[in-house]
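Q: Provided herewith is a single structure, encoded as structure tokens, for subsequent inquiry.
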Amino acid sequence: MASIFQAVGAAAALSSSNSFDSKKFYLSSRKSVSERKGSIFVVRSDGRMSSGRVDKLVTNAVATKADSAAASTASKPGHELLLFEALREGLEEEMDRDPRVCVMGEDVGHYGGSYKVTKGLAPKYGDLRVLDTPIAENSFTGMAIGAAMTGLRPIVEGMNMGFLLLAFNQISNNCGMLHYTSGGQFTIPVVIRGPGGVGRQLGAEHSQRLESYFQSIPGIQMVACSTPYNAKGLMKAAIRSENPVILFEHVLLYNLKERIPDEEYICNLEEAEMVRPGEHITILTYSRMRYHVMQAAKTLVNKGYDPEVIDIRSLKPFDLHTIGNSVKKTHRVLIVEECMRTGGIGASLTAAITENFHDYLDAPIVCLSSQDVPTPYAGTLEEFTIVQPAQIVTAVEQLCQQ
Amino acid sequence: MFQSLDFPGGRVAFTSDMSFIAESSEKRVKCYRVLDDNGHPMSSRFEQVSKEVAVKMYSSMVTLQIMDTIFYEAQRQGRLSFYLTSNGEEAINIASAAALSPDDVVLPQYREPGVLLWRGFTMQEFANQCFGNKADYGKGRQMPIHYGSNKHNYFTVSSPIATQLPQAVGAAYSLKMDRRDACVVTYFGDGGSSEGDFHASLNFAAVMEAPVVFICRNNGWAISTPTSEQFRSDGIVVKGQAYGVRSIRVDGNDALAVYGAIHAAREMAIREQRPILVEALTYRVGHHSTSDDSTKYRPADEIQHWKISRNPVARFRKWIERNGWLNDEDESELRGNVRKQLLHAIQVAERTEKPPLGDLFADVYDHLPSNLQEQERLLRETIEKHPQDYPDGVPV
Chain A
248 MASIFQAVGA
258 AAALSSSNSF
268 DSKKFYLSSR
278 KSVSERKGSI
288 FVVRSDGRMS
298 SGRVDKLVTN
308 AVATKADSAA
318 ASTASKPGHE
328 LLLFEALREG
338 LEEEMDRDPR
348 VCVMGEDVGH
358 YGGSYKVTKG
368 LAPKYGDLRV
378 LDTPIAENSF
388 TGMAIGAAMT
398 GLRPIVEGMN
408 MGFLLLAFNQ
418 ISNNCGMLHY
428 TSGGQFTIPV
438 VIRGPGGVGR
448 QLGAEHSQRL
458 ESYFQSIPGI
468 QMVACSTPYN
478 AKGLMKAAIR
488 SENPVILFEH
498 VLLYNLKERI
508 PDEEYICNLE
518 EAEMVRPGEH
528 ITILTYSRMR
538 YHVMQAAKTL
548 VNKGYDPEVI
558 DIRSLKPFDL
568 HTIGNSVKKT
578 HRVLIVEECM
588 RTGGIGASLT
598 AAITENFHDY
608 LDAPIVCLSS
618 QDVPTPYAGT
628 LEEFTIVQPA
638 QIVTAVEQLC
648 QQ
Chain B
2 MFQSLDFPGG
12 RVAFTSDMSF
22 IAESSEKRVK
32 CYRVLDDNGH
42 PMSSRFEQVS
52 KEVAVKMYSS
62 MVTLQIMDTI
72 FYEAQRQGRL
82 SFYLTSNGEE
92 AINIASAAAL
102 SPDDVVLPQY
112 REPGVLLWRG
122 FTMQEFANQC
132 FGNKADYGKG
142 RQMPIHYGSN
152 KHNYFTVSSP
162 IATQLPQAVG
172 AAYSLKMDRR
182 DACVVTYFGD
192 GGSSEGDFHA
202 SLNFAAVMEA
212 PVVFICRNNG
222 WAISTPTSEQ
232 FRSDGIVVKG
242 QAYGVRSIRV
252 DGNDALAVYG
262 AIHAAREMAI
272 REQRPILVEA
282 LTYRVGHHST
292 SDDSTKYRPA
302 DEIQHWKISR
312 NPVARFRKWI
322 ERNGWLNDED
332 ESELRGNVRK
342 QLLHAIQVAE
352 RTEKPPLGDL
362 FADVYDHLPS
372 NLQEQERLLR
382 ETIEKHPQDY
392 PDGVPV
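Written out as structure tokens, the structure is:
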């Protein structure tokens with residue numbers, strides 16, 4: 248996968264000059280598939296290429312086994328950590344950098360957060376900057392908005408994204424709107440984050456995919472992280488953004504391990520991530536489904552296919568530049584998501600691609616999503632509601648035959 | 002032989018008598034009042050107000066009254082799409098504003114334009130917002146009366162009820178972090194106290210020891226819902242103790258009582274870093290808004306009674322007059338000037354250009370993203386092709 252490497256001090260502005268130049272990349276990476284498998288390409292801002300090791304494709308994408316060849320870590324650049332630690336590192340760096348950054352949520356203080364993202368921060372920054380709130384999601388989200396309008400940069404942690412349904416009023420009517428309705432007088436630089444998605448038998452209420460509900464709200468941005476690298480980068484970018492940003496994490500990805508750079512970096516909020524370049528088909532996905540897609544990609548490669556996998560990362564707005572370049576090349580699109588079929592991110596992505604790149608499509612867009620059912624508790628049933636690698640392989644085969 | 006139990010939350014004495022706390026006390030919480038109905042002070046112990054401040058308070062109350070009358074009429078004439086008045090609540094508006102410092106951050110509900118007026122918002126600025134022209138600080142994006150001005154420390158009005166309450170706690174949290182010598186003041190009505198956000202905000206403010214003054218304008222009506230159908234407690238003041246918040250009930254139609262109570266509340270909030278709840282009893286003389294006709298659900302003579310005999314402006318006037326600080330001439334000159342100013346402001350506002358098309362898309366984000374650029378381009382193209390289908394007078 249290739250990511251945009253932003254040097255420290257460079258502004259992470261919304262400008263097309265920062266966007267990924269796909270043409271430049273393809274010309275310089277005519278490596279064979281087997282060589283390419285399992286490497287990260289980091290495209291630096293000066294155009295040089297370097298590669299590092301990344302963990303093998305994971306099954307079930309929960310915890311990652313340690314890299315078998317990582318005997319001596321001292322010789323390799325960067326440091327290894329788990330995704331939740333990467334989030335914390337990003338958060339801590341930003342809190343060090345800017346005294347206005349603060350965190351609020353349930354059990355984020357001395358408990359360190361339900362997923363340990365804020366562990367150790369309360370003792371370091373004090374009770375006021377890492378604030379434990381009573382249980383009232385709409386109200387502490389409102390509180391963050393009021394604090395933001397008064398000059399702070401709060402990060403709201405929802406213990407589970409599903410609970411933020413209670414905060415919908417504040418998020419929709421105030422967070423996304425007040426900058427606009429006040430005529431630009433008040434800014435709301437809040438970050439709202441938390442784990443969502445289907446976990447391991449957590450039941451329907453704890454398996455929500457809220458990105459589909461929030462995507463319509465004007466004035467907010469939405470991003471979904473999927474690796475320790477982009478988790479840290481997106482967290483930092485979200486905190487620095489003047490707009491309200493919702494950062495979607497996934498319950499099952501917190502223990503993913505990866506080696507990330509020691510140097511400071513931010514990821515661009517509006518950019519998609521090229522996970523695996525290819526020629527035959529564009530597979531668009533995000534969050535946990537990325538790993539199911541990559542597992543399917545292994546099988547597909549063995550069968551002779553060359554899929555291009557893009558982790559869209561930016562859910563609002565979509566990175567139609569990267570996506571478009573891919574569609575123009577492969578002419579076939581498969582979307583793999585965890586959202587429900589009706590009204591999900593896949594549904595709007597399908598519409599956006601059809602509208603903009605219809606002429607480049609050789610086949611109708613296929614979207615693999617979860618069914619329109621509440622997520623059952625029973626493990627087997629739960630597994631049936633999530634798109635599995637085998638389905639992805641079948642869908643690609645069918646699409647490529649057309 | 003003090004016997005107590007230690008459960009989480011502290012020691013508590015126990016008893017063998019099973020008794021339930023009554024749902025309400027026999028006597029209602031008393032109401033703090035300074036002036037009687039004829040404007041006579043009922044005691045000599047009250048927060049004194051200088052002549053300068055008193056006269057400014059009175060003229061602001063009169064200005065607010067006239068502003069309400071004229072804007073309301075303008076809506077009836079079809080020149081404004083919507084308006085809502087603060088009739089009957091002038092004392093709450095002005096006297097509370099007078100007791101604050103300009104650094105105190107105000108989060109209004111929507112019936113508190115008097116606070117903005119006190120802080121120096123001009124007739125022209127009010128009119129511009131109501132007409133949604135290009136001089137409006139909100140750039141024409143909100144309904145009339147949804148004023149907002151960061152330089153006056155008055156957060157933009159947002160229609161949903163009580164959403165400003167948790168935001169007030171957040172703003173106070175920010176002031177607390179910076180150790181500022183200021184507090185947050187937020188307003189809401191009797192109806193607003195039913196919203197979940199009200200309860201959570203009082204709770205949060207108490208736990209966080211946030212310097213917020215919560216002012217409830219209990220005016221008896223939430224559109225057509227009287228307080229008897231809104232809650233069964235003794236008003237809002239008793240809810241304070243339930244959350245660990247110090248509270249007071251005050252006669253909202255008594256400018257001096259409101260002034261004194263808010264001044265004291267503010268001091269306590271800042272010095273002790275705690276929230277205070279003030280329930281100001283009053284009456285909503287006007288209709289809920291221009292979309293309402295309150296004679297449908299309440300008797301016309303009740304409205305008249307409060308409009309005439311219980312008028313807060315008239316009551317305060319009597320006190321000022323008796324002090325020799327105002328006479329009839331001053332009054333009519335004041336009223337004449339305000340009226341003239343207002344009519345002029347309305348004329349100017351009406352004639353001022355509306356915001357340009359670009360303002361439809363700006364400020365959704367800090368910079369215009371590509372999807373909105375695209376949407377703006379499409380809109381401009383469409384308008385160019387079919388200009389007769391779009392309103393003229395909107396700069397493109």
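In the order they appear, the protein sequences are chains A and B.
The first sequence runs 248 to 649 under the working numbering.
The second sequence runs 2 to 397 under the working numbering.
No residue lacks a Cβ here, since even glycine has one placed at the ideal position from N, Cα and C.
Would a C-beta distance cut-off of 8 Å place A:Thr365 and A:Val348 closer than the cut-off?
A: Not in contact: A:Thr365 and A:Val348 (Cβ atoms no closer than 8 Å).
Q: Counting only beta-carbon separations shorter than 8 Å, does A:Pro381 have a partner in chain B?
A: Yes - at least one Cβ of chain B is within 8 Å of the one on A:Pro381.
Q: Who are the near neighbours of B:Thr291 in its chain, counting only those whose CB is closer than 6 Å to its CB and skipping five residues on each side?
A: Around B:Thr291: Gln76, Phe83, Tyr84.
Q: Alpha carbon to alpha carbon, how far is B:Leu335 from B:Ala173?
A: Distance between the alpha carbons of B:Leu335 and B:Ala173 is about 37 Å.
Q: In the DSSP assignment, what residue or residues form a beta bridge with B:Ser248?
A: According to DSSP, B:Ser248 bridges with B:Leu278.
Q: Which residues bound the alpha helix (DSSP H) around B:Glu113?
A: Premise fails: B:Glu113 is in no alpha helix (DSSP H) and is neither H nor E.
Q: On the DSSP bridge list, what partners appear for A:Ser561?
A: Per DSSP, A:Val470.
Q: Using a cut-off of 7 Å between C-beta atoms, extract the partners of B:Lys240 located in chain A.
A: Result: empty, since nearest Cβ-Cβ is about 15 Å, beyond 7 Å.
Q: Can you tell me the Cβ-Cβ gap for A:Asn420 and B:Ser194, rounded? I've got them flagged as a contact below 8 Å.
A: Their Cβ separation, rounded to whole angstroms, is 19 Å, which puts A:Asn420 and B:Ser194 out of contact at 8 Å.
Q: Using a Cβ-Cβ cutoff of less than 7 Å, which residues in the same chain neighbour A:Val640 once the five nearest sequence positions on both sides are dropped?
A: Within the same chain, A:Val640 has close Cβ partners Ala543, Thr546, Leu547.
Q: Which whole-angstrom value is the C-beta distance of B:Pro145 and B:Cys131, which I expect to be below 8 Å?
A: Indeed they touch by this definition, with Cβ atoms about 4 Å apart.
Q: To the nearest angstrom, how far is it from the Cα of A:Leu334 to the Cα of B:Val170?
A: Whole-angstrom Cα-Cα distance: 27 Å.
Q: Measure the CB-CB distance between A:Val574 and A:Leu596 and report whether it falls below 8 Å.
A: Contact flag unset, no.
Q: If you run the structure through DSSP and keep just helix, strand and coil, what is A:Glu613?
A: Checking the sequence, you will find Val at residue 613 of chain A rather than Glu. The answer is strand: DSSP assigns A:Val613 an E or B state.
Q: If you measure between the beta carbons of A:Tyr427 and A:Gly466, is that distance less than 8 Å?
A: Closer than 8 Å, so yes.
Q: For the alpha helix (DSSP H) containing B:Val63, name the first residue and the last one.
A: Start and end: 52-77.
Q: Closer than 8 Å between beta carbons: that is the criterion. Which residues of the region 426-442 of chain A meet it against chain B?
A: The region 426-442 of chain A vs chain B, Cβ under 8 Å: His426, Tyr427, Thr428, Ser429, Gly430, Gly431, Gln432, Phe433, Thr434.
Q: Could you give the distance in angstroms between the alpha-carbon of A:Asp619 and the alpha-carbon of A:Leu457?
A: The straight-line gap from Cα to Cα measures roughly 14 Å.
Q: Below 7 Å on C-beta distance, what does A:Pro465 contact in chain B?
A: Within chain B, the residues near A:Pro465 are Val365.
Q: Identify the residues that DSSP records as bridge partners of B:Pro227: which are they?
A: B:Trp222.
Q: Restricting to Cα atoms, I'd like to know which of B:Leu379, B:Val116, B:Glu385, B:Met269 is closest to B:Gln248.
A: Residue identity check: residue 248 of chain B is Ser in the sequence provided, not Gln. It is B:Met269 whose Cα lies nearest to the Cα of B:Ser248.
Q: Among B:Val279, B:Asn254, B:Ala206, B:Gly11, which residue has its Cα nearest to the Cα of B:Gly245?
A: Cα-wise, what sits closest to B:Gly245 is B:Ala206.
Q: Considering only residues of the same chain and omitting the five flanking positions on each side of B:Pro54, which have a CB-CB separation below 7 Å?
A: Just to set this straight, residue 54 of chain B is Val in the shown sequence, not Pro. The residues are Ala99.
Q: For B:Gln143, return the contacting residues in chain A, with the cut-off set at a CB-CB distance below 7 Å.
A: Those are Thr428, listed as they occur along chain A.
Q: Ignore the nearest five residues each way along the sequence and tell me which others in A:Glu517's own chain have a CB closer than 7 Å to its CB.
A: Closer than 7 Å at the Cβ level, and outside the excluded window around A:Glu517, lie Leu261, Ser561, Pro564, Asp566.
Q: Bridge partners for B:Val214 per DSSP, in chain order?
A: Note: B:Val214 sits in a beta bridge opposite B:Val186, B:Ile277.
Q: Cutting at 6 Å between CB atoms, please list the residues of its own chain near A:Phe604, excluding the five before and the five after it.
A: Here the set comprises Gly571, Val574.
Q: Can you find a C-beta in chain A that's less than 8 Å from the C-beta of B:Leu379?
A: Not closer than 8 Å to any Cβ of chain A, the Cβ of B:Leu379 fails to qualify, so no.
Q: Kindly list, in the order they appear in chain B, the residues whose Cβ is closer than 7 Å to that of A:Ile392.
A: Within 7 Å Cβ-Cβ: Gln168, Gly171.
Q: Quick one: which chain B residues come within Cβ less than 7 Å of A:Gln417?
A: Under the 7 Å cutoff, chain B gives Thr164.
Q: Closer than 7 Å, Cβ to Cβ, to anything on chain B: give me those residues from the region 472-501 of chain A, in chain order.
A: Cβ contacts with chain B come from Glu489, Asn490.
Q: Please name the residue or residues paired with A:Phe495 in a DSSP beta bridge.
A: BP columns for A:Phe495 point to A:Gly441, A:Ala471.
Q: Indicate whether at least one CB of chain A lies closer than 8 Å to the CB of B:Tyr138.
A: Yes, contact with chain A.
Q: With 16 other CB atoms within 10 Å as the buried threshold, where does B:Gly115 fall?
A: Buried.
Q: Residues bridged to A:Arg400 by DSSP?
A: Answer is A:Val348, bridged to A:Arg400.
Q: In terms of residues, what are the limits of the beta strand (DSSP E) holding B:Phe8?
A: Start and end: 5-8.
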